[in-house]
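What follows is a single structure, written as structure tokens, with notes after it.
Numbering (the working numbering), first residue to last: 12 to 104.
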């Protein structure tokens, strides 16, 4: 039985210089420029109670699902609830 081994070696260029933190930040800003200020915040899924006195979902402890976007503007934190139709039906109940 014969064994055939063949090694192919490509000439390679020198490795690219590692990127600096400033390079990565600049790239991220370019890629997300049209997303600002949303890219500065965080999107969170939460379940919270409503204001209805005898709500079955709240009484059972299930509460109401929603997505909230938390951001900062001029150093102050604010939040806004995102509409359910922005997400697939299975995501927010």
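Backbone N, C-alpha and C fix where the C-beta goes; we use that ideal spot for every residue, glycine too.
Using a Cβ distance threshold of 8 angstroms, determine whether the region 80 to 100 contacts the region 61 to 68, with at least three qualifying pairs required.
In short, these stretches do not touch, since the Cβ pair count stays below three.
On a CA-only basis, which of 87, 58, 74, 33 is nearest residue 64? Give me that one, please.
Here residue 64 refers to the residue found at position 53 when the chain shown is read from its first residue. Nearest in C-alpha terms to residue 64, of all of 87, 58, 74, 33, is 74.
Could you check what DSSP says for residue 84 in three-state terms: helix, strand or coil?
Taking the chain shown and counting its residues from 1, one reaches residue 84 at position 73. Looking at residue 84 - three-state DSSP - the assignment turns out to be strand.
Under three-state DSSP, which class holds residue 67?
The count along the chain shown starts at 1 and reaches residue 67 at position 56. In the structure shown, residue 67 sits in a helix (DSSP, three-state: H, G or I).
Can you check DSSP and say which residues form a bridge with residue 53?
Position 42 of the chain shown, counted from the first residue, corresponds to residue 53. BP columns for residue 53 point to 81.
7 angstroms Cβ cutoff met for residue 78 and residue 61
On the chain shown, position 67 is the one that residue 78 refers to. On the chain shown, position 50 is the one that residue 61 refers to. The answer is no: Cβ separation not under 7 angstroms.
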